[in-house]
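**Student:** Below you will find the structure I want to go over with you.
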Amino acid sequence: MSNIFRTARSLLRSPRVVSSIPQGQAVHMHRVKLSRSTRFSFRNFLLGGAVFYGCYTAWKTVVLSPVARWVEDEEEKLTTEERKALDEASDATAFIALPFTTHAVQPPPYSGRDPEWREFVKLSKNKALLQRIRDDLAFTVRKTVEASVPVTMKTGKPLKVRKYWLDIDYPYRPPVEYHRSGILLTDDGMEWATQPVESSVVNAVNRVLWPTPLFHSTWAFAGTMLKQNAQDFLKAIGYDSNATPTTPQGAPPAPGSSSPLPSNHHPDIQRALQRIQQQATKRPAEVKDPRAMSSQKQGDSPYDAPPSSPQSSPAPINTTSDKPKTDQDLFPGQAAARSLSAEPWKAFTRQLRQKWKRVPEQPPRGCVLVSGLVELEAPKGFTVVDVVAYWDPKTRQFDTKSMMVRLRRFQMKQQAPIRR
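Letter by letter, the sequence shown follows residues 116 to 535 of the numbering used here.
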């Protein structure tokens, strides 16, 4: 009975199989056994645990135990002062600052109870000290300008203070502070924290992340290079924007006069154009056949002379030279590349000098602002300088990091006309 049903199933399935298989081909059937995923084995778990424990024991015995014994021996040799310093150093923390988390914080204004404001009140009543602050700033400006070579080359040395206009202001608020966030590592663990940062670090990071002067200089370099290449291309195709035409545009040249020739062609092409122009100005009877002229020149050349002529064998040219090869011989295109990049490089350096300026730092808390003009006299002229400085009552000195000295104008003692 089972054989009958098996035959019936084969008959019912045969049309579908035959329709999908081309005629005249043998069908091969292979039995494939799919393996199942590996199940959890308690034996493998015990074997892995034993291997891990053996490796940990070996590491602890071979590596950690000798290091621990060496540390204990060194700790026993420490003195009392070294133990105290070690205990204080153990309280030190490590701060990992994260990028783009720096922000400026404006502190609250000074109050009448702040020590900085009380120092301002004491300073405002000391007239002699205020005058000494002005004199010290004028002397500092004179030394700074005298150290500038371009200024002294124009006005000469020595410099002396002629007069000054300096005002002393007492700020109502402390300078701006900068904070940044990061991860603070301590003995107790790890936490998120915010710590103050110096303004010099903030300025340096901002200049690296946003190099504005370098971007402007690169833009000037690329623009000058593009303009120079465009001019060279126009000259190569025969158009010179700087050329001034001798005749009005569209007007024909006068009869008998030679038309101007373009001066930016190759010398050989220029001579050929001049020869054609000379032939065009002659009468028809005087014009020579160019083919006859070329054949005559070829006949007069020394290469047409007989082999027995002593002039027919040119002297051998010594192409070898004992001189060492220079950079121009090794790199033929170096001079051309240098000439092409000369003007763009000048534009780059000029723009960089204009845009690259020192960013002043924030003064310390409690400083007094001193600003104004200082006029200096030199053998050849006068120099007026703008100055902004901060005087610290705690150190009794000016903060040089936040000082700004800028040249305002020159005035020469003797002037001569530029055009004679």
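In this text, a Cβ means the ideal position worked out from N, Cα and C, and glycines have one as well.
With G481 as the anchor, note down where its alpha helix (DSSP H) starts and where it stops.
**Tutor:** Within the sequence shown, numbered from 1, the residue matching residue 481 stands at position 366. Element bounds for G481: n/a, residue is neither H nor E.
**Student:** How would you write the range of the alpha helix (DSSP H) that A457 sits in, first residue to last?
**Tutor:** Here residue 457 refers to the residue found at position 342 of the sequence shown. That run of the alpha helix (DSSP H) goes 457 to 470.
**Student:** So, is L281 buried or exposed, given that buried needs 16 or more other C-beta atoms within 10 angstroms?
**Tutor:** Position 166 of the sequence shown holds residue 281. So L281 ends up on the buried side.
**Student:** Note down, in chain order, each residue of its chain lying with its Cβ closer than 8 Å to the Cβ of S226, except the 5 sequence neighbours on either side.
**Tutor:** Locating residue 226 in the sequence shown gives position 111, where the first residue counts as 1. Closer than 8 Å at the Cβ level, and outside the excluded window around S226, lie W232.
**Student:** For a test of the three-state rule: what should DSSP assign to K412, helix, strand or coil?
**Tutor:** Taking the sequence shown and counting its residues from 1, the one referred to as residue 412 is at position 297. At K412 the pLDDT is 45, less than 50, meaning the model places this residue with poor confidence and gives no usable figure here.
**Student:** Sorted by chain position, which residues of the same chain lie with C-beta nearer than 8 Å to H218's C-beta, five sequence neighbours on each side aside?
**Tutor:** To locate residue 218, count along the sequence shown from 1; it is residue 103. Contacts found: Y293, H294, R295.
**Student:** Could you check whether the Cβ of D229 sits closer than 7 Å to any heavy atom belonging to the ligand MN?
**Tutor:** Here there are no bound small molecules, and the ligand MN is not part of this structure.
**Student:** For G169, count the other beta carbons within 10 Å of its own beta carbon; 16 or more makes it buried, fewer makes it exposed. Which is it?
**Tutor:** Reading the sequence shown from its first residue, position 54 is the one you call residue 169. By the neighbour-count rule (16 or more Cβ atoms within 10 Å), G169 is not buried but exposed.
**Student:** Could you give the distance in angstroms between the alpha-carbon of V503 and the alpha-carbon of P475?
**Tutor:** Translated into positions along the sequence shown, residue 503 becomes position 388. Translated into positions along the sequence shown, residue 475 becomes position 360. Spanning the two alpha carbons is a distance of roughly 10 Å.
**Student:** Strictly by DSSP, which residues pair up with T270?
**Tutor:** Residue numbering aside, residue 270 sits at position 155 when the sequence shown is read from its first letter. For T270, which the question treats as bridged, DSSP gives no partner whatsoever.
**Student:** Under the assumption that V520 contacts V499 (Cβ atoms under 8 Å), give the Cβ distance between them as a whole number of angstroms.
**Tutor:** Sequence index remark: in the sequence shown, residue 520 carries index 405 (1-based). Sequence index remark: in the sequence shown, residue 499 carries index 384 (1-based). Going by Cβ atoms, the distance from V520 to V499 rounds to 12 Å, so no, they are not a contact pair.
**Student:** How about Y285 and R249: are their beta carbons less than 8 Å apart?
**Tutor:** Translated into the one-based positions of the sequence shown, residue 285 becomes position 170. Translated into the one-based positions of the sequence shown, residue 249 becomes position 134. No, these two residues do not count as a Cβ contact at 8 Å.
**Student:** Quick check on the burial criterion: 16 or more other C-beta atoms within 10 angstroms. Buried or exposed for V220?
**Tutor:** In the sequence shown, residue 220 corresponds to position 105, counting from 1. Classification for V220: exposed.
**Student:** Can you name, in chain order, every residue of its own chain whose Cβ lies under 8 Å from the Cβ of I298, other than the five neighbours on each side?
**Tutor:** Indexing the sequence shown from 1 puts residue 298 at position 183. So the list reads F210, I211, L213, M305, E306, W307, A308, once near-sequence residues are dropped.
**Student:** Below 8 Å, can you find three or more Cβ-Cβ pairs linking the segment 506 to 524 to the segment 317 to 333?
**Tutor:** As far as the Cβ criterion goes, the segment 506 to 524 does not touch the segment 317 to 333, which means the pair count is below three.
**Student:** For T195, is the classification buried or exposed, using 16 other Cβ atoms within 10 angstroms of its Cβ as the cut-off for buried?
**Tutor:** As a working note, residue 195 is residue 80 in the sequence shown. Exposed: under 16 other Cβ atoms inside 10 Å.
**Student:** Taking 6 Å as the limit between beta carbons, can you name the residues of its chain near G481, skipping five residues before and five after?
**Tutor:** Numbered from 1 along the sequence shown, position 366 holds the residue referred to as residue 481. Excluding positions up to five away in sequence, the list reads E231.
**Student:** Comparing C-alpha positions only, which one of D188, P223, V266 sits nearest to R523?
**Tutor:** Residue numbering aside, residue 523 sits at position 408 when the sequence shown is read from its first letter. Out of D188, P223, V266, V266 has the C-alpha closest to the C-alpha of R523.
**Student:** Determine the extent of the beta strand (DSSP E) in which R523 is found, giving its start and end residues.
**Tutor:** By 1-based counting over the sequence shown, the position of residue 523 is 408. Unbroken beta strand (DSSP E) run through R523: 519 to 527.
**Student:** Taking the alpha-carbon positions, what's the E234 to T216 distance?
**Tutor:** Within the sequence shown, the letter at position 119 stands for residue 234. Within the sequence shown, the letter at position 101 stands for residue 216. When rounded, the distance between both Cα atoms is 35 Å.
**Student:** Which full runs of the alpha helix (DSSP H) of 4+ residues lie inside the segment 158 to 232, going along the chain?
**Tutor:** 180 to 191, 195 to 205, all fully within the segment 158 to 232.
**Student:** Using a 10 Å radius around the Cβ and a threshold of 16 neighbouring Cβ atoms, would you call P181 buried or exposed?
**Tutor:** For the purposes of this step, residue 181 is taken as the residue at position 66 of the sequence shown. Flag for P181 reads exposed.
**Student:** Just to confirm my understanding: we take E492, look at its own chain, exclude 5 residues before and 5 after, and list those with CB closer than 6 Å. What are they?
**Tutor:** On the sequence shown, residue 492 is found 377 positions in, with the first residue counted as 1. Around E492: K275, R277.
**Student:** Taking the alpha carbon of R328 as the reference point, which residue from L467, L201, V489 has its own alpha carbon closest?
**Tutor:** Position 213 of the sequence shown, counted from the first residue, corresponds to residue 328. For clarity, residue 328 is Pro in the given sequence; the question names Arg instead. Among L467, L201, V489, the Cα nearest to that of P328 is on L467.
**Student:** Per DSSP, what kind of secondary structure is Y326 in: helix, strand or coil?
**Tutor:** Taking the first residue of the sequence shown as 1, we reach residue 326 at position 211. Residue 326 is actually Pro in this sequence, not Tyr. Residue state, collapsed to three classes: coil.
**Student:** Whose CA, out of A335, E189, H145, V256, lies closest to the CA of A462?
**Tutor:** Within the sequence shown, the letter at position 347 stands for residue 462. Nearest of A335, E189, H145, V256 to A462, Cα basis: A335.
**Student:** Let me know the secondary structure DSSP gives D250 once reduced to three states.
**Tutor:** The residue labelled residue 250 in the question sits at position 135 within the sequence shown. If DSSP states are grouped into helix, strand and coil, D250 belongs with the helices.
**Student:** Using the rule of at least 16 other Cβ atoms within 10 Å of the residue's Cβ for burial, across every protein chain shown, is S156 buried or exposed?
**Tutor:** If you number the sequence shown from 1, residue 156 lands on position 41. Exposed, because fewer than 16 other Cβ atoms sit within 10 Å of the Cβ of S156.
**Student:** When DSSP labels each residue in this structure, what does E476 get in the three-state scheme?
**Tutor:** In the sequence shown, the residue the question calls residue 476 occupies position 361. Coil at E476, not helix or strand.
**Student:** Can you name the start and end residues of the beta strand (DSSP E) that Y293 belongs to?
**Tutor:** Locating residue 293 in the sequence shown gives position 178, where the first residue counts as 1. Residues 292 to 300.
**Student:** Looking only at DSSP bridge pairs, what is A308 linked to?
**Tutor:** Translated into positions along the sequence shown, residue 308 becomes position 193. The partner list for A308 (beta bridge, DSSP) reads G297.
**Student:** What separation, rounded to the nearest whole angstrom, lies between the Cα atoms of T301 and P311?
**Tutor:** Here residue 301 refers to the residue found at position 186 of the sequence shown. Here residue 311 refers to the residue found at position 196 of the sequence shown. Those two C-alpha atoms are separated by around 18 Å.
**Student:** List the whole-angstrom C-beta distance separating T339 from E458, where the pair is believed to meet the contact cut-off of C-beta under 8 Å.
**Tutor:** Numbered from its first residue, the sequence shown carries residue 339 at position 224. Numbered from its first residue, the sequence shown carries residue 458 at position 343. The Cβ separation is near 6 Å, so the contact holds.
**Student:** Suppose contacts are defined by Cβ-Cβ distances below 8 Å. Is S263 in contact with K470 by that definition?
**Tutor:** Position 148 of the sequence shown, counted from the start, is the residue given in the question as residue 263. Position 355 of the sequence shown, counted from the start, is the residue given in the question as residue 470. Result no, Cβ atoms of S263 and K470 do not sit closer than 8 Å.
**Student:** Going by beta carbon distance, what residues of the same chain come within less than 7 Å of K528, once the five residues before and after it are set aside?
**Tutor:** Working through the sequence shown from its first residue, we reach residue 528 at position 413. K495, G496.
**Student:** Please list the terminal residues of the continuous beta strand (DSSP E) segment that includes K278.
**Tutor:** Taking the first residue of the sequence shown as 1, we reach residue 278 at position 163. Looking at the DSSP string, the run of the beta strand (DSSP E) that includes K278 is 275 to 284.
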